[in-house]
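For the sequence shown, position 183 matches number 190 in my numbering, and the numbering has no gaps at all.
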Amino acid sequence: MKLIFTSPFLLVSSYLFCQLPDCDIWLLDIKDSVGRISFHNPVNITSRKGYDNQPAFSPDGKYILFSSQHDSAGQTDIYKYELATKKITQFTHTPTSEYSPTFIPDGKNISVVMVEKDSAQRLWKFSLSPLKAGNMQCGGCACIMQTVDSVGYHCWINKDSVAIFVLTKPSFTLQLANINSQKTQVIADSIGRCMRMKEGTLWFTTKVNHFHNVYEYNLKTKKITAKGAIESEDYCFYGNQIWSCSENTIVSGYMNNKIGSNRIMNLDSYGIMKITRITLSPDGKKIALVSNK
């Protein structure tokens, strides 16, 4: 089954990364008291002027990778924040820009969206082995999908297959790609940037007016199931709950089902505003999110 919508927007590849917002990454502890959720001990792990975005926890939960712009020319690289020491180090050192760090299920590499010298946006991988300090080359990296340009975001299904948000016209498409055969299959269009794997199924959103419909794609049966609507295109899973964001608030559940959504906690007292990206640590004890200034 393929989910197809129509979109009035014509967008090009460079749209996603042409103007980077001023934003910070925050880390908070999650407290769950018999189902009553609250967030504590907020730490602004970047706390500077500029672009720091797209946090991703390592599989062991010991560090976070994120995309950061320190170059005056506008180049971004991937940086590493260690939770124990609170130390930030540069992870990629290239003459290109890298976004959307994502851990590959092979346990040896991460993948990124690289904006290449000719403005192509393709998936590349970097070894998790430490890169030499000051290495301005790509040492240990390689293009994953030579055949797919205009990649915006991605989510690994397994070590051989990846779901890709592609900036196609007239609307963005969700494509499943096999890195061995280099073949792709369009699953849906007009999708949002956030894709998640949950219990062997792929989740994604489509935008309708001011809201985002959430869908579950069964990789075995090819069936797409509508789950409900949320206010933002960014979401994550806490157990069986879906969490999303609304301005300064973390929200649980769907807006249009019988139970309805529940506003868990407003974070503006911490100085956290206009929340976008949200992601949980593997053990579910911490949440990382992006606050726009």
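Ideal Cβ placement from N, Cα and C applies to all residues, glycine included. Because the structure is a prediction, the values reported are computed rather than measured.
With a threshold of 8 Å on Cβ separation, who are the neighbours of residue i within its own chain once the five nearest residues in sequence on each side are excluded?
{"i": "residue 161", "result": "107, 109, 118, 120, 130, 169, 170, 171, 172 and 202"}
{"i": "residue 93", "result": "50 and 52"}
{"i": "residue 279", "result": "33, 49, 255, 296 and 298"}
{"i": "residue 286", "result": "62, 63, 64, 243, 294, 295 and 296"}
If the criterion is Cβ atoms closer than 8 Å, does the pair residue i and residue j meet it?
{"i": "residue 196", "j": "residue 179", "result": "yes"}
{"i": "residue 32", "j": "residue 46", "result": "no"}
{"i": "residue 58", "j": "residue 71", "result": "no"}
{"i": "residue 34", "j": "residue 222", "result": "no"}
{"i": "residue 114", "j": "residue 134", "result": "no"}
{"i": "residue 28", "j": "residue 277", "result": "no"}
{"i": "residue 288", "j": "residue 42", "result": "no"}
{"i": "residue 248", "j": "residue 235", "result": "no"}
{"i": "residue 30", "j": "residue 227", "result": "no"}
Can you tell which of the options has the C-alpha that lies nearest to the C-alpha of residue i?
{"i": "residue 77", "options": "62, 97 and 93", "result": "97"}
{"i": "residue 123", "options": "258, 136 and 84", "result": "84"}
{"i": "residue 272", "options": "253, 152, 289 and 288", "result": "253"}
{"i": "residue 86", "options": "181, 235, 74 and 150", "result": "74"}
{"i": "residue 166", "options": "40, 186, 244 and 290", "result": "186"}
{"i": "residue 205", "options": "245, 188 and 230", "result": "245"}
{"i": "residue 90", "options": "81, 65, 153 and 79", "result": "65"}
{"i": "residue 39", "options": "297, 296 and 291", "result": "291"}
{"i": "residue 163", "options": "149, 112, 152 and 151", "result": "112"}
Which of the three DSSP states is assigned to residue i in this structure?
{"i": "residue 74", "result": "strand"}
{"i": "residue 84", "result": "strand"}
{"i": "residue 40", "result": "strand"}
{"i": "residue 242", "result": "strand"}
{"i": "residue 54", "result": "coil"}
{"i": "residue 277", "result": "helix"}
{"i": "residue 301", "result": "With the chain represented from 8 up to 300, any question about residue 301 goes unanswered, as that position is not in the structure."}
{"i": "residue 181", "result": "strand"}
{"i": "residue 188", "result": "coil"}
{"i": "residue 148", "result": "strand"}
{"i": "residue 226", "result": "coil"}
{"i": "residue 254", "result": "coil"}
{"i": "residue 248", "result": "strand"}
{"i": "residue 68", "result": "coil"}
{"i": "residue 283", "result": "strand"}
Could you check if residue i is buried or exposed, using at least 16 other CB atoms within 10 Å of its CB as the buried criterion?
{"i": "residue 293", "result": "buried"}
{"i": "residue 284", "result": "buried"}
{"i": "residue 132", "result": "buried"}
{"i": "residue 102", "result": "exposed"}
{"i": "residue 266", "result": "exposed"}
{"i": "residue 26", "result": "exposed"}
{"i": "residue 143", "result": "For residue 143, the pLDDT reaches just 42, beneath the cut-off of 50, and the residue's location in the model is therefore unreliable, although a value from the coordinates is still provided. Looking at its Cβ environment, which holds fewer than 16 other Cβ atoms inside 10 Å, residue 143 is exposed."}
{"i": "residue 213", "result": "buried"}
{"i": "residue 217", "result": "exposed"}
{"i": "residue 54", "result": "exposed"}
Within the same chain, show all residues whose beta-carbon is closer than 6 Å to that of residue i, passing over the 5 residues directly before and after it, in chain order.
{"i": "residue 274", "result": "255"}
{"i": "residue 207", "result": "none"}
{"i": "residue 219", "result": "199, 212, 237 and 240"}
Here's a check: name, in chain order, each residue in its chain whose Cβ is nearer than 7 Å to the Cβ of residue i, leaving out the five neighbours to either side.
{"i": "residue 200", "result": "159, 160, 172 and 240"}
{"i": "residue 251", "result": "237, 238, 239, 241, 242 and 258"}
{"i": "residue 192", "result": "182 and 183"}
Determine whether the Cβ of residue i lies closer than 8 Å to any Cβ atom of chain D.
{"i": "residue 82", "result": "Looking at the structure shown, chain D is missing, and only one protein chain is on hand."}
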